[in-house]
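Everything below concerns the one structure shown next.
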Amino acid sequence: MIRDQLKNHIAQAILDAQAAGDLPRFDLPVFTVDHPRQTQVADYAASVAMQLARPAKLAPLQIAQRIARNLRLDGIASCEVVSGYLNLRLTPYYLTRQVEAILEAGERWGNIAIGAGKRVQVEHGSANPTGPLTVASGRNVVIGDTVANALEAAGYQVQREWYVNDAGNQIRHFGESVYARYAQRLAVDEPFPDDGYRGEYIVEIARLIVEREGTRYLSYPRVEARRALGKLGIDMMMDGVRASLARVGIRFDNFFSERSLYESGLFERMLPILREKGLLIEHEGALWFSEDGSPIRKGESRNQQTGDVGPATAGSIIENQKSNKVQAVVIRSPGVVPEPSERPTYFASDIAYVWDKLVVRGFDKAVYVWGEDHQGDVPRLMAVTRALGLDTSRIVLLIYRFITLMRNGQEVRMGKRAGNIVTLDDVVDEVGSDATRFVLLSRSIDTKITFDLDLVKKQSDENPVYYVQYAHARICSILRKAEELASSGVGESSDTHPMAPANAAAPSPTPALASNPRLPGSYEFQHPSELALIRKLLELEEVVEQVATLLQPHHFTTYAQSLATTFSAFYRDCRVLGEAPEVTAARLKLVQATRVTLARTLALMGMSAPEKM
RNA sequence: GCGCCUAUAGCUCAACUGGAUAGAGCACUUGACUUCGGAUCAAGGGGUUGUGGGUUCAAAUCCUGCUAGGCGCGCCA
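Going by the numbering used here, the first sequence opens with residue 3, and the numbers climb by one from there.
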């Protein structure tokens with residue numbers, strides 16, 4: 003990556019300056035090379051000299067000058083010292099060569115190596131399987147999928163995993179709901195459970211089950227029928243989820259069953275590890291995790307008070323939080339939960355799950371994508387990870403804020419139990435997959451998104467999604483036209499035409515360009531808009547690095563728009579077809595490199611790159 | 001009450017994690033092509049980065065006091 007190269011050159015220059023006695027001895031500091039805000043100032047700038055003022059006991063300007071004196075940039079860039087800054091500008095020669103490099107890299111352009119040899123898991127989605135995929139989960143999976151794309155591009159080996167919450171009492175409620183609808187469908191009087199799932203989709207599931215399986219479950223003992231229908235229903239829900247995900251171009255490598263953590267005995271094996279450290283405490287019949295082994299206080303205060311929220315409760319919570327130590331129930335007491343299989347809490351599963359990720363499967367890093375409603379669970383996951391003797395820096399939690407869905411100028415409230423949900427399918431039907439993904443990606447994950455369905459539809463002309471895709475379609479149009487000109491031999495003879503295939507007999511997807519000879523070594527792009535476009539293309543690697551390290555996928559949308567804008571400026575200023583042959587040839591290459599870059603960026607975002615619109 | 005997150009142009013948001021004169025889109029005003037796609041482009045106005053203090057060569061960014069909002073604080077998931 004060019005930025006790293008420049009940084010290495012500067013570091014070397016500092017060392018050389020020290021060796022030559024130009025600069026005093028000091029340890030090489032951690033410094034950055036970045037883009038100045040004003041692009042006319044420089045392509046890259048380093049402010050090391052300012053950082054070094056103290057250790058070197060010299061004025062920043064002098065330091066910068068001495069670094070610059072020792073800087074050998076090998077024709078990649080020129081350097082200018084401005085008040086302590088090292089301002090670097092890439093040379094037209096270097097930029098011109100990069101166009102060839104991009105075309106050579108092709109679909110791999112944008113790939114970097116920072117993750118080479120490391121395995122990362124990105125767990126996302128993971129919505130309760132008791133209903134269809136909602137728009138709310140849409141943000142989750144789009145973030146997760148895009149982050150996974152970026153990590154892959156950064157060289158990591160990535161596994162995409164969906165955690166299926168198929169344990170716990172919600173599944174029982176679900177089974178009861180399906181059973182009730184099933185019975186009702188068969189005209190058997192069966193009351194609908196109070197805390198059941200009221201959505202229409204349960205009715206639909208019941209209908210399908212009746213269709214496929216007939217009446218046989220009516221003869222089962224009720225508890226068994228509910229369990230069986232629940233399982234059947236979950237499977238059907240997950241099939242639906244997979245289908246919905248496919249519509250937005252998302253696939254998972256693995257669906258991990260929460261229940262399997264218990265069935266495999268893994269959870270049981272976790273307990274001794276924590277117990278040995280004195281972090282598991284029996285309290286009022288329940289099993290608690292106490293981060294520092296301190297006695298459990300919550301239950302006591304609960305007994306003291308009469309049921310109202312009062313000072314006693316508040317006081318004890320403050321006390322617990324003052325020590326900042328996590329205390330959480332792992333297994334509920336039989337007195338509270340009669341059914342043994344429902345006693346482990348969600349947290350219990352988390353304990354075994356993080357172990358499974360980091361130890362059993364040995365991922366170097368595990369990324370969790372969680373909605374803001376789970377933000378309060380972060381401390382206990384961190385605490386228990388630490389307690390298990392694992393490095394907490396190996397888990398990363400992406401907490402995103404919820405979206406508000408607007409329709410007809412009104413906020414749409416959703417609830418799975420109540421049944422008034424808006425599914426991801428609904429939204430995709432209305433605005434399409436590309437627009438859905440773009441909107442859900444376009445903001446930093448800790449910004450609330452207002453997804454106005456009417457606006458996204460109505461203003462589709464001015465939607466940035468289409469702006470970016472339009473640039474790609476326009477490029478394809480130019481390339482098509484170039485091929486037509488080349489194949490019809492209009493203008494020049496085919497063997498001297500810059501766009502003509504070197505070997506006309508060998509067909510290839512883009513014959514005019516794929517086999518085009520290299521630009522002459524002396525050729526250099528000159529026009530400011532050409533050079534600006536190439537610089538913008540080169541940023542792709544930096545954006546990939548940024549998203550892969552910061553795990554903030556919205557940078558792709560910003561970059562895509564900026565790239566499309568830069569291309570538009572080039573398109574306005576520089577004619578491609580019909581110029582002098584070497585100019586047209588060079589610009590065609592630049593246009594093709596832009597297409598590659600734009601298409602890759604769209605692919606990283608999970609969007610299509612249309613050739614026509 | 002406590003914890004996490006947020007506050008930047010009229011609106012929606014960026015700002016590469018401490019760097020130079022804080023940028024885009026929308027909206028508004030005014031313009032542009034007989035040529036590669038007008039789903040385009042150009043120009044213009046618009047800012048005490050919620051607020052008070054602090055840290056240093058340098059703060060939208062870090063610390064801190066307020067203010068406002070979101071989420072969470074269960075033997076729910």
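Ideal Cβ placement from N, Cα and C applies to all residues, glycine included.
Which residue wins for smallest C-alpha separation from residue i, given the options the options?
i: ARG71; options: TYR95, GLN14, HIS126 and PRO94; result: GLN14
i: GLU215; options: ARG200, LEU188 and GLU192; result: LEU188
i: ALA150; options: LEU553, TYR561, ALA611 and SER246; result: LEU553
i: VAL250; options: GLY232, PRO297, VAL144 and TYR165; result: VAL144
i: THR449; options: ARG277, TYR472 and PHE404; result: PHE404
i: ARG476; options: SER85, ALA601, ARG244 and MET609; result: ALA601
i: VAL398; options: LEU63, ALA103, PRO62 and PHE365; result: PHE365
i: MET239; options: TYR46, PRO131 and ARG409; result: PRO131
i: ALA79; options: VAL386, ALA66 and PRO94; result: PRO94
i: LEU606; options: ALA582, PHE558, PHE572 and GLU613; result: PHE558
i: PRO195; options: ASN410, ILE211 and HIS175; result: HIS175
i: GLU613; options: PHE572, ARG537, LEU487 and LEU481; result: LEU481
i: GLU344; options: GLY119, PRO31 and ASN171; result: ASN171
i: HIS376; options: VAL356, PHE349, GLU265 and GLY280; result: PHE349
Quick check on residue i: buried or exposed, where buried means 16 or more other Cβ atoms within 10 Å of its Cβ?
i: VAL598; result: buried
i: MET615; result: exposed
i: GLY232; result: buried
i: PRO134; result: buried
i: GLN471; result: buried
i: PRO336; result: exposed
i: VAL122; result: buried
i: LYS483; result: exposed
i: VAL137; result: buried
i: ASP436; result: buried
i: GLY523; result: exposed
i: GLY86; result: buried
i: ASN326; result: exposed
Alpha carbon to alpha carbon, how far is residue j from residue i? Give it in angstroms, no decimals.
i: LEU282; j: ILE173; result: 27 Å
i: GLU293; j: LYS367; result: 23 Å
i: ILE423; j: LEU97; result: 51 Å
i: ASN505; j: VAL433; result: Below a pLDDT of 50, predicted positions are generally treated as unreliable, and ASN505, at 36, falls in that range; the measurement from the model is reported next regardless. Each residue's Cα considered, the two are about 45 Å apart.
i: GLU202; j: GLU192; result: 17 Å
i: GLU485; j: ASN465; result: 30 Å
i: LYS59; j: ARG74; result: 24 Å
i: GLY112; j: ARG299; result: 53 Å
i: GLU584; j: GLY127; result: 51 Å
i: GLN20; j: TYR46; result: 23 Å
i: ALA22; j: ILE451; result: 56 Å
i: ASP29; j: VAL369; result: 35 Å
i: LEU360; j: ASP18; result: 43 Å
i: LEU242; j: GLY140; result: At residue 242 the sequence reads Gly, which differs from the Leu that was named. For GLY242 and GLY140, the distance between alpha carbons rounds to 14 Å.
i: GLY608; j: PRO555; result: 11 Å
i: ASN256; j: GLN412; result: 37 Å
i: ARG56; j: ALA66; result: 13 Å
Tell me whether the beta-carbon of residue i lies closer than 8 Å to the beta-carbon of residue j.
i: HIS529; j: ASP575; result: yes
i: GLU125; j: GLU154; result: no
i: ALA115; j: GLY157; result: yes
i: LEU25; j: ARG68; result: yes
i: VAL371; j: GLY146; result: yes
i: MET272; j: ILE401; result: no
i: ALA169; j: ARG99; result: no
i: MET408; j: PHE453; result: yes
i: LEU535; j: THR596; result: yes
i: ALA185; j: GLY198; result: no
i: PRO38; j: ALA51; result: no
i: VAL362; j: PHE258; result: no
Below 8 Å CB to CB, which residues in the same chain sit around residue i once its five sequence neighbours on both sides are set aside?
i: THR347; result: ALA330, VAL331, VAL332, ILE333 and ARG334
i: LEU604; result: VAL470, GLN471, HIS474, ALA562, SER610 and ALA611
i: GLU544; result: MET3 and ARG5
Return the chain-ordered list of same chain residues with a C-beta closer than 7 Å to the C-beta of residue i, the five sequence neighbours on each side being excluded.
i: ARG229; result: GLY177
i: VAL180; result: ILE204, ILE207, ALA208, LEU231, GLY232 and GLY235
i: PRO381; result: VAL328
i: GLY287; result: SER335, PRO336 and GLY337
i: LEU8; result: VAL35, TYR46, ALA79 and LEU90
i: LEU539; result: ILE104, ALA595, THR596 and THR599
i: ILE275; result: LEU390
i: ASN10; result: none
Going along the chain, which residues of its own chain have a beta-carbon closer than 6 Å to the beta-carbon of residue i, five neighbours each way excluded?
i: SER246; result: LEU135, LEU426 and ASP427
i: ILE12; result: ALA48
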